[in-house]
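Asks: Structure in structure tokens, see below.
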Amino acid sequence: MASIKNRENRDGSITYMVRWRSAGGGRGAKEDTENFRDERSAEKFRDLVNAHGQSWPPGWIRGQGFIADQRRPGTMFEPYALAHIDRLTGVQGDTKAKYRKLVLENMSPWFKPYTVEDGEGSIVREMVQDWINDLAAGNAAPLDPSDRKPRKKYAAKTIANQHGLLSAILQAAVDAVPSLRTANPCAKNRLPRLDTDEVEDEICPLEREEWAWVHECLGELDTEAQELGEVIAETGFRWGESTALQPRDLQMRNGRPALRVQRAWKRDEDGQPYLGAPKSKKSRRTVVVRWGLWNKLKRRAKGLKPTDLLFTGPMGGRWDAGTFRRLRWVPAIELAAERFGLTKRPRIHDLRHSHAAWLIAAKVPLPAIQARLGHESITTTIDVYGHLLDALDDEVVAAVEWAMDPMAPLPGFLVHSGLAQLPHQRGWVAPGGWTDPGGTPGAPGDSETVFVITAGSRRVPFAERQHAQDVADQWNNDRAETITKLKEAGWTEDGLNRVRALGPEERERWTGAGPVWRRKPDRRLVYHRVATFRPDGTLAHEPEPMADGWVWEFETDLYTDAAAQMRTEFRPGPSALTEAFARGIDKEAVSRAYDEVCAKAQEVCGHSPYLEPLITGA
37 MASIKNRENR DGSITYMVRW RSAGGGRGAK EDTENFRDER SAEKFRDLVN
87 AHGQSWPPGW IRGQGFIADQ RRPGTMFEPY ALAHIDRLTG VQGDTKAKYR
137 KLVLENMSPW FKPYTVEDGE GSIVREMVQD WINDLAAGNA APLDPSDRKP
187 RKKYAAKTIA NQHGLLSAIL QAAVDAVPSL RTANPCAKNR LPRLDTDEVE
237 DEICPLEREE WAWVHECLGE LDTEAQELGE VIAETGFRWG ESTALQPRDL
287 QMRNGRPALR VQRAWKRDED GQPYLGAPKS KKSRRTVVVR WGLWNKLKRR
337 AKGLKPTDLL FTGPMGGRWD AGTFRRLRWV PAIELAAERF GLTKRPRIHD
387 LRHSHAAWLI AAKVPLPAIQ ARLGHESITT TIDVYGHLLD ALDDEVVAAV
437 EWAMDPMAPL PGFLVHSGLA QLPHQRGWVA PGGWTDPGGT PGAPGDSETV
487 FVITAGSRRV PFAERQHAQD VADQWNNDRA ETITKLKEAG WTEDGLNRVR
537 ALGPEERERW TGAGPVWRRK PDRRLVYHRV ATFRPDGTLA HEPEPMADGW
587 VWEFETDLYT DAAAQMRTEF RPGPSALTEA FARGIDKEAV SRAYDEVCAK
637 AQEVCGHSPY LEPLITGA
């Protein structure tokens, strides 16, 4: 690190010498020096050397200083930061407005006189560190007016968020072409710990009985407010997603009632609300709900246009979050505190947190929770709700004990999980081949009208037209990409019809084979892989990678609801080959089953019933 040495001259004056070792400051590096007449100039130069990695500051000439003031108007902190925000892509207007406000209120009062470029008047790491400490302590900024109200202390998370924005602005100066600076002064700064200055948890999930109290109190104030709260609590939707729901978002998913998130309320740069795309790609999702909530929303949608809002505020437009909180939420919380002794003071958004907490307590897997909440990454789910995962400690210990001890009983919560399919736990493969799917549709009546679809080579009858139509639509949606590619390859309509689902066709009665479906069949994503072995145990050809596809319950030769199944099958003919099959709805379990069934096939392939006659005949 650069240091200052004072040297007294013959005339009694003092020279302040800044000394440092170049090339990163290593022990064997060459020592550089620069002399100054006053201590303040020496300290400023020392800081510049340290900020530039023990190198001469760009633009500095030894013995002369900077050639000229390099602080250009466009690279001064405030105009550069605001221009950087304006150029951001993929960022909502209200987010840009928020960033501008942070720059003007919490950054410019510290950095406005400085430039983002290297050289004289540049922002250096020490300045950033002082800024962090000032935000944490609530200290006044150097450029705050004397009559400004005292600054508040910022929480660790808020400081981290603002430091992230400052870092992005200064990193843009590093990445500019040509580069404006050699290093980011925000790099490697230590930030306040997130667990030291937070008095209370940021989230405040409600227990089931606490939500029941709030639900009842909301109902006494306003039935619509009660149902809106019920939507958030049951689905985990964000406020902007819940208040953007429309009648067309009431859908069915695999025969279950569901709500589709395909828009959300946002704000433009002027703060005006508008309906736009959800927060992220994963936020566009379909969430199943109870029939009770579905029926309430169906009644609410009656008489509305498909694009009308299901929930409206007092003036008939969208529900503003602040208005709802003031007129409905806070009164309901206060009433619950008075009547039932509720001690928590949750926000509306805590209903979303409550939903996640209930799912975790019910042992719902984290990937399912991630999908339901619309988190872009499962890391977000873990970061937000990781402190609640101690509810799974008993299950974790039981699973580990079972995995480490082959004689340990299988934990009940793993019976239908792919985690249960470890190789040393025998008995999980269905004996005698594939397991038939459960559930039977029902026999047709003597003169019952049916609705038949032709799906591939199958004709499938349904008692209700809507079920037939839903299945046909889903079948074609699953194969949309394949159909497009076949069209591009020049397939005729007749050829494409062998892939599509056609119908439904109404018939007076069903005379074909198989029963009539009186419900919507189940549909599963089934993984499968096959390998073929010669009698000597070698592979007949290189196996294809694992494949997957959506399979309907009426495809009895393909459908399964098991985590994994396997079987071997001899193939008659001159080659006397043995095929090893594995399939199931859990990819990892199928992969393990595939490895095991391949080993089994290699053991039995030399005992093919078709092999001995061929050898004898030879």
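Residue 620 in our numbering sits at position 584 of the sequence shown; the count goes up by one each step and never skips. Where a beta carbon is used, it is the ideal one built from N, C-alpha and C, also for glycine. None of the values given here were measured: they were computed from a predicted structure.
Using 8 angstroms as the threshold, is the stretch 615-626 in touch with the stretch 566-573, meaning 3 or more CB pairs across them?
Replies: Because the criterion of three Cβ pairs below 8 angstroms is met, the stretch 615-626 and the stretch 566-573 touch.
Asks: Can you give the beta carbon distance from residue 368 to residue 242, rounded, assuming they're within the 8 angstroms contact cut?
Replies: So it is not a contact: roughly 12 angstroms between Cβ atoms.
Asks: Within a Cβ cutoff of 8 angstroms, which residues of the same chain sit near residue 178, ignoring the five residues on either side of it in sequence?
Replies: Cβ neighbours of residue 178 beyond the five flanking positions: 145 and 146.
Asks: Report all residues from its chain with a CB closer than 8 angstroms to the CB of residue 240; omit the five preceding and five following residues, and keep chain order.
Replies: Same-chain partners within the cutoff: 380, 381, 382, 383, 386 and 389.
Asks: Where does residue 354 fall in DSSP's three states?
Replies: DSSP places residue 354 in coil when its eight states are reduced to three.
Asks: According to the Cβ coordinates, are residue 260 and residue 336 closer than 9 angstroms?
Replies: Yes; because the gap between Cβ atoms is below 9 angstroms, this pair is in contact.
Asks: Could you say which of 571, 596, 523 and 489 lies nearest to residue 605 if we only look at CA atoms?
Replies: If we check each option's Cα against that of residue 605, 571 comes out closest.
Asks: Do the stretch 583-590 and the stretch 523-540 meet, that is, are 3 or more Cβ pairs less than 8 angstroms apart?
Replies: Cβ pair count under 8 angstroms is below three, so no.
Asks: Among residues of its own chain, excluding the 5 on either side of residue 246, which ones have a beta-carbon nearer than 7 angstroms to its beta-carbon?
Replies: Here the set comprises 378 and 380.
Asks: Could you check if residue 112 is buried or exposed, using at least 16 other CB atoms within 10 Å of its CB as the buried criterion?
Replies: Label assigned to residue 112: buried.
Asks: List the DSSP bridge partners of residue 564.
Replies: Note: residue 564 sits in a beta bridge opposite 583 and 619.
Asks: Go ahead and label residue 560 buried or exposed: buried means 16 or more other beta carbons lie within 10 angstroms of its beta carbon, across all protein chains shown.
Replies: By the 10 Å Cβ count, residue 560 comes out buried.
Asks: My guess is that residue 217 and residue 154 are in contact by the Cβ rule of under 8 angstroms, so how many angstroms apart are they, rounded?
Replies: Indeed they touch by this definition, with Cβ atoms about 4 angstroms apart.
Asks: Please go through the same chain and pick out, in chain order, the residues whose beta-carbon is closer than 8 angstroms to the beta-carbon of residue 484, but skip the five residues on each side of it.
Replies: Excluding residues within five positions, the ones whose Cβ falls inside 8 angstroms are 499, 545, 546 and 552.
Asks: Are the beta-carbon atoms of residue 395 and residue 276 separated by less than 9 angstroms?
Replies: The answer is no: Cβ separation not under 9 angstroms.
Asks: Quick one: Cα of residue 304 to Cα of residue 126, how far?
Replies: Taking the straight line from one Cα to the other gives about 13 angstroms.
Asks: Who are the Cβ neighbours of residue 514 in its own chain at under 6 angstroms, not counting the five residues just before and after it?
Replies: Excluding positions up to five away in sequence, the list reads 586.
Asks: Grab me the residues of residue 346's own chain with a C-beta within less than 7 angstroms of its C-beta, minus the 5 sequence neighbours each way, in chain order.
Replies: Taken in chain order, the residues that qualify are 281, 282, 283, 333, 336 and 337.
Asks: Here's a check: name, in chain order, each residue in its chain whose Cβ is nearer than 6 angstroms to the Cβ of residue 504, leaving out the five neighbours to either side.
Replies: For residue 504, where only same-chain residues beyond five positions count, the Cβ hits under 6 angstroms are 487, 489, 498 and 540.
Asks: Considering residue 145, what are the terminal residues of the alpha helix (DSSP H) in which it resides?
Replies: Unbroken alpha helix (DSSP H) run through residue 145: 144-147.
Asks: Among 199, 131 and 93, which one has its Cα closest to the Cα of residue 143?
Replies: It is 199 whose Cα lies nearest to the Cα of residue 143.
Asks: Could you give the first and the last residue of the continuous beta strand (DSSP E) run that contains residue 56?
Replies: From DSSP, the beta strand (DSSP E) with residue 56 extends over 50-57.
Asks: So the candidates are 134, 173, 115 and 132; which of them puts its Cα closest to the Cα of residue 150?
Replies: Closest option to residue 150, Cα to Cα, is 115.
Asks: Whole angstroms are fine: how far does the CA of residue 195 sit from the CA of residue 168?
Replies: Straight-line Cα distance between these residues: approximately 7 angstroms.
Asks: Could you give the uninterrupted runs of the beta strand (DSSP E) lying entirely in the stretch 74-121, keeping only those of 3 residues or more?
Replies: Runs of the beta strand (DSSP E) inside the stretch 74-121: none found.
Asks: DSSP three-state call for residue 290: helix, strand or coil?
Replies: The answer is coil: DSSP assigns residue 290 none of H, G, I, E or B.
Asks: Using CA atoms only, rank isn't needed, just tell me which of 286, 596 and 510 is closest to residue 326.
Replies: It is 286.
Asks: By how many angstroms is the C-alpha of residue 161 removed from the C-alpha of residue 512?
Replies: So the alpha carbons of these two residues sit roughly 59 angstroms apart.
Asks: When the Cα atoms are used, what is the spatial distance from residue 554 to residue 411?
Replies: So the alpha carbons of these two residues sit roughly 36 angstroms apart.
Asks: Assuming residue 205 contacts residue 88 under a Cβ cut-off of 8 angstroms, what Cβ separation, rounded to an integer in Å, is found between them?
Replies: Not quite, the Cβ-Cβ distance comes to about 19 angstroms (not below 8 angstroms), so this is no contact.
Asks: Tell me, to the nearest whole angstrom, how far the beta carbon of residue 301 is from that of residue 354; I am working on the premise that it is less than 8 angstroms.
Replies: At roughly 6 angstroms, the Cβ-Cβ gap stays under 8 angstroms, so residue 301 and residue 354 are in contact.
Asks: So, under 8 angstroms CB-CB, residue 600 and residue 628 are touching, yes? Tell me the CB distance rounded to an integer number of Å.
Replies: The pair is a contact, with the Cβ atoms about 7 angstroms apart (cut-off 8 angstroms).
Asks: Would you kindly report the start and end of the unbroken beta strand (DSSP E) that includes residue 330?
Replies: Residue 330 -> not in any beta strand (DSSP E); alpha helix (DSSP H) instead, spanning 327-337.
Asks: Name the one or two DSSP bridge partners that residue 602 has.
Replies: 618, per the DSSP bridge assignment.
Asks: Fully enclosed by the stretch 394-428, which alpha helix (DSSP H) runs are 4 residues long or longer?
Replies: You should have 402-409 and 414-421.
Asks: With residue 322 as the anchor, note down where its alpha helix (DSSP H) starts and where it stops.
Replies: No alpha helix (DSSP H) holds residue 322; the beta strand (DSSP E) holding it covers 321-324.
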